[in-house]
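Here the UniProt record's numbering is used: position 20 in the sequence shown is 20, and no number is missing along the way. The C-beta atom is built at its ideal place from N, Cα and C for all residues, glycine as well. Note that the structure is predicted; figures quoted are calculated from it, not measured. Presented below is the structure to which this report refers.
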Amino acid sequence: QTEETQETALSLACCGGFQDVAAYLLQAGADIEQGSSTPLMEAAQEGHVDLVKFLLE
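The structure is reproduced here in structure tokens:
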């Protein structure tokens with residue numbers, strides 16, 4: 001998590017649509033609720049439909 005933006009690696013991966021990175025981070029124990037906005041919100045705002053579906057599974 002960065003100090004300035006409160007963004008996590010997971011939320012940045014989801015914002016960029018990097019499902020493989022998001023899956024890896026979640027498998028490694030990343031907290032899906034940490035950060036200024038949720039990774040699900042980031043993926044949805046950017047239109048990454050497949051990633052949204054993945055996060056909802």
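In whole angstroms, give me the CA-to-CA distance for Val-49 and Leu-56.
11 Å
Phe-54, enclosing alpha helix (DSSP H) - first and last residue:
49-56
Return the chain-ordered list of same chain residues with a C-beta closer than 7 Å to the C-beta of Val-52, the five sequence neighbours on each side being excluded.
Contacts found: Leu-40, Ala-43 and Ala-44.
Would you kindly report the start and end of the unbroken alpha helix (DSSP H) that includes Ser-11?
Per DSSP, Ser-11 belongs to the alpha helix (DSSP H) from 9-16.
Taking the Cβ atom as the reference point for each residue, do Gln-34 and Leu-10 lie within a distance shorter than 9 Å?
The answer is yes: Cβ separation under 9 Å.
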